[in-house]
Structure formats: C-alpha cells, structure tokens
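439 is the number that this note's numbering gives the last residue of the sequence shown; the numbers go up by one with no jumps.
Idealized CB from N, CA, C, for every residue including glycine.
These notes concern the structure reproduced below.
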Amino acid sequence: MGPLAVTQLLALISLTVALDNGLLKTPPMGWMAWERFRCDIACIDDPKNCISEGLFRDMADRLSEDGWKELGYEYVIIDDCWMSRLRDKQGRMQPEPSRFPGGIAQLAKYIHDRGLKLGIYADIGTHTCMGYPGTTLDKIDIDAQTFASWGVDYLKFDGCSSNAVEQMLGYPLMSKALNATGRPMAYSCSWPVYVGGLPPNVNYTFLGDICHLWRNYYDIQDSWDSVLSIVDWFSNNQDDLQPAAGPGQWNDPDMLIIGNFGLSVDQARSQMALWAIMAAPLIMSNDLRNLDNSARTILQNKMAIAINQDPMGIQGRRLLQEKSHVEVYWRPLSQSASALVFLSRRTDMPYLYHSSLGKLSYDAGNYEAYDVFTGATVTGLNATTEFTFSINPSGVVMWYVYPKKASKQTKVLRKTSKLTWQKTVPRHRIVL
Ligand code: GLA
C-alpha cells in the first residue's frame, strides 16, 4: 500500500472511530505482571510466582491493604501467558484452566470487590510475543465482547506476529469493538513500537483518538541502563512525542521497576521523578509482597504522584544537558506551579550544582520550592537567586516550584540573598 492510500485509509477510519469514554484523564496507575514475573508458568516448582490467579489475587490484596489504592494505584494488569492455547467451542478465548481454574470473571470480581480494576493482555497478530493465541482481525469483535463479559477494565493490545497492514486495521478496529461493548475499558496500544515509534510512521494525532495510551519504545528491563536508554529516547524525540500527550492520551515509557533488583535507591528515585515529569503511566512491575521500605517510600511519594497526576496533563521536557553531565527536566503544572528534576549522569561523586530559576527560563517573580524527596521547603527564591545543591551520581533532586507573594520575611531573605531550607509541607495547595 502506498503512503497516500495509507493516509486515506486512516482518515476514513478516524471518521468512524473515537474512543472518548472519559477514562484516563490522568495517567493510569497500578501494577502489571510482565517485567517482574514474565512468562513464568512453572506453577508446580514456583507456585507463588507463576502467572496464575493466585498471583493476581495476592497483588490485589497488597494494593488494597497496603495503602496503594488510596494513592491511585488501581489497575491490576495481567500480561502475556494467561491464555489457553485453544479457544473454546464458541471460538472464545479462555484462560489456561490449570492456572486460572476460577476463570477471569471470578478474578475480576475479586479485584472489583477490593475497589480495584482488572487489565488483560492480547495481541493483534497470529500469536502473542510468547507464542500464545493472537486476536487476528476476524477475532477482534468476539475477543472484545469476551473481555467485556468478564468485567475487564483495561486492555493492553500488543503487536507481535503481525504486519503493518494488520496493525493499521486492527488497532482502530479494536478501539471500535471495545466501544461497541458499552463497557468503558482503557485501551493501551503497542502499535508505535512496531513501526519505529516516530512520525511519519506513527500518526500521533490519530493514535490519540483511538487509544488512551501507547507504548512508543522498547521494553524496560531491570537495569539503570535500560531506564536511561528509555529516558534518552523520549527526550531526544520530545518534539514529536511531548505534544501527543494530554488527558485521555498518554505516551507510555513502560513499567516502573522500582523494588526489583536492578536499581539503587538513588536510581529508583530518578525513575519515579522522570516518570512523573513525563506524565507516564505509573504501572509498577515488582513483587508487592516483598518490597523494602525505601522502594515503598519512593513509590508512595505523594508529591511525585501528584505531579504525575496533574490535571492539566501536560507532558514535561528535557530543558538542558549541561557539560557537567547534569540534565534538567521541567513540567508545567496547574496553579502556575511546575516541577523540576535535576538528574546527575555522573559516575564519580555527589556533584554541587549551581543555577537559578532565571537560567531555567522562569519569569521574574517570587517562588518557593518543595523538595520532593527530602520534604524540605526552599524559601526566598526569585528568578535571579542563585542556588546550590548536591546531586548524587545517577540520582536526582526534584522540586515542586510554586509562585509566592513576597512577604516581609522573604524580602529580608532576598536582601541578604540567603536561602532557607525548612522541613515542612508546602503551603501552596496542590491537587492530590
Ligand atoms: C512485548 C511487550 C511487553 C510484554 C511482552 C509479553 O515484548 O512489549 O511489555 O507484554 O511482549 O510477551
């Protein structure tokens, strides 16, 4: 098919398809099996960790009992390897009975009873990425209806074992089929990954009409290198990617791996900070039954979550790459606030970074900043105030910056051009 024909076909489909069911006005939050538990189907040798209904029930228990749900972590998402290799007599997909003896509808009920939502995985090709049955074009309607009948709330639709034409037809058709079920389901499309992630191969305007979120780039792995490669790709291509995001339509740099084996505490903070700046889905893939306190504290950081979930839904950008190997990221937020992340890519020692808000393109005015990971408040800031702080190697300093009317106290501070650091909560109201 020539490029013109493709454009015409997309225009035609977009006239008939729009997935605007009001879901995901802010990025989705929850838990997904893949990065941590992969395709472990060895339930005899590894019953606690294999892809089975018990694993998803365990994670639902943890989300609802350990304070996650209240913070917004609500989706429990099944990934690959849940299916039986055979469809039933009516041609419907079914779960592997030995690992999901109660069926998906019963699991959905268990999850809903705890105030949570269920996500599931399918693939537009002949097979999923791990070789399980796919949802070929002729199966899209029946699979969408089956998922709705089970009470599924979210579909991750992958693209292994499919070609470009099947993807171009299949992703919009699934959007339409999900709409037609009448059940509001969030729709995550892996389409961009399979066509290089960038325009002109990816039409992000169209994608925003048919999907709530989409995977743009390769899979995350349990390492800092992997996190950095993702951040670099998203930042290098931010002119194409950043405008695509907004309420109901999100770029997805993949799961949070905090709490696993590959990140130091500083690196875990960095992933949380950068995912908040990127307005990324906060979908953890870790073992919530065995999480150390530092991982829990980072993932449950209310300010990082509030920044991620800001109602304006504007994705942030990389502002600066300094010669010192410090990078500065920025995201505009509601109520004239903003978030800044200072990331050190150094590998030597904590680095003393000097700057001012003016150097980071802030307008003249008075500001305060709340340090997201220490809880300190930085008062007495205006655009020209020089500040200095230390950033650990592969770590971040993250600020929530908000305008502040000059008071007597801050005027005095400005005269002496001294900054004060207090351990307090910010006085500026943020939407939690
Ligand atoms: C692809 C996806 C992953 C995961 C696996 C499952 O690689 O990108 O997120 O779903 O397939 O096989």
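Out of the options, which has the shortest C-alpha to C-alpha gap to residue i?
i           : options            : result
residue 44  : 125, 79, 268, 204  : 268
residue 158 : 181, 189, 133      : 189
residue 31  : 116, 51, 145, 194  : 194
residue 365 : 115, 135, 64, 389  : 389
residue 259 : 204, 208, 95, 77   : 204
residue 368 : 339, 353, 379, 396 : 339
residue 185 : 162, 199, 168      : 162
residue 111 : 131, 96, 84        : 84
residue 262 : 135, 409, 275, 255 : 275
residue 106 : 68, 42, 64         : 64
residue 212 : 253, 118, 183      : 253
residue 381 : 74, 309, 42, 222   : 309
residue 207 : 277, 168, 238, 248 : 248
residue 346 : 354, 353, 337      : 337
residue 192 : 152, 304, 222      : 152
residue 240 : 228, 223, 251      : 223
residue 400 : 81, 407, 351       : 351
residue 47  : 407, 90, 286, 257  : 90
residue 286 : 303, 134, 314      : 314
residue 288 : 82, 53, 123        : 82
residue 122 : 77, 277, 220, 97   : 77
residue 133 : 126, 104, 80, 142  : 142
Expressed to the nearest angstrom, what Euclidean distance is found between the alpha-carbon atoms of residue i and residue j?
i           : j           : result
residue 417 : residue 384 : Bear in mind that the predicted position of residue 417 carries a pLDDT of just 45, short of 50, making it unreliable; the figure below should be weighed with that in mind. Answer to the nearest angstrom: the Cα atoms are 13 Å apart.
residue 137 : residue 361 : 49 Å
residue 61  : residue 391 : 56 Å
residue 279 : residue 317 : 15 Å
residue 270 : residue 230 : 6 Å
residue 322 : residue 334 : 17 Å
residue 88  : residue 147 : 19 Å
residue 140 : residue 37  : 26 Å
residue 178 : residue 412 : 50 Å
residue 326 : residue 349 : 10 Å
residue 356 : residue 328 : 18 Å
residue 56  : residue 331 : 43 Å
residue 378 : residue 51  : 47 Å
residue 145 : residue 297 : 42 Å
residue 281 : residue 238 : 8 Å
residue 130 : residue 168 : 8 Å
residue 166 : residue 376 : 43 Å
residue 180 : residue 114 : 27 Å
residue 427 : residue 235 : Its pLDDT being 48, under 50, residue 427 is placed unreliably in this model, and the value from its coordinates should be taken loosely. The alpha-carbon atoms of residue 427 and residue 235 are separated by roughly 33 Å.
residue 358 : residue 233 : 23 Å
residue 277 : residue 220 : 22 Å
residue 120 : residue 67  : 10 Å
Using 10 angstroms around the beta-carbon of residue i, count the other beta-carbons present and answer buried if the total reaches 16, otherwise exposed.
i           : result
residue 404 : buried
residue 71  : buried
residue 343 : exposed
residue 29  : exposed
residue 27  : exposed
residue 292 : buried
residue 341 : exposed
residue 34  : buried
residue 397 : exposed
residue 172 : exposed
residue 256 : buried
residue 174 : buried
residue 422 : Residue placement at residue 422 is flagged as unreliable, the pLDDT there being 41, under the threshold of 50; a coordinate-derived value is accordingly withheld.
residue 306 : buried
residue 74  : exposed
Ligand 1 and residue i: does any heavy atom of the ligand fall closer than 6 Å to the residue's C-beta?
i           : result
residue 136 : yes
residue 41  : yes
residue 229 : no
residue 239 : no
residue 299 : no
residue 86  : yes
residue 165 : yes
residue 216 : no
residue 226 : yes
Any chance the CB of residue i is under 6 Å from a heavy atom of ligand 2?
i           : result
residue 132 : Absence of ligand 2 is noted for the structure shown, with ligand 1 being the only ligands found.
4-residue-minimum alpha helix (DSSP H) runs that sit fully inside the region 214-245, ordered along the chain: 231-243
What residue ranges within the region 23-69 form continuous beta strand (DSSP E) runs of no fewer than 3 residues, ordered along the chain? 36-39
So within the region 346-420, which uninterrupted beta strand (DSSP E) runs reach at least 3 residues, ignoring any that extend past its ends? Fully enclosed beta strand (DSSP E) runs of 3 or longer: 358-362, 373-378, 383-389, 394-398, 403-410.
Within the region 105-162, note down every full beta strand (DSSP E) run reaching 3 residues or more, in order along the chain. 124-130
Which runs of the beta strand (DSSP E) spanning at least 3 residues fall entirely within the region 280-325, listed in chain order? 289-291
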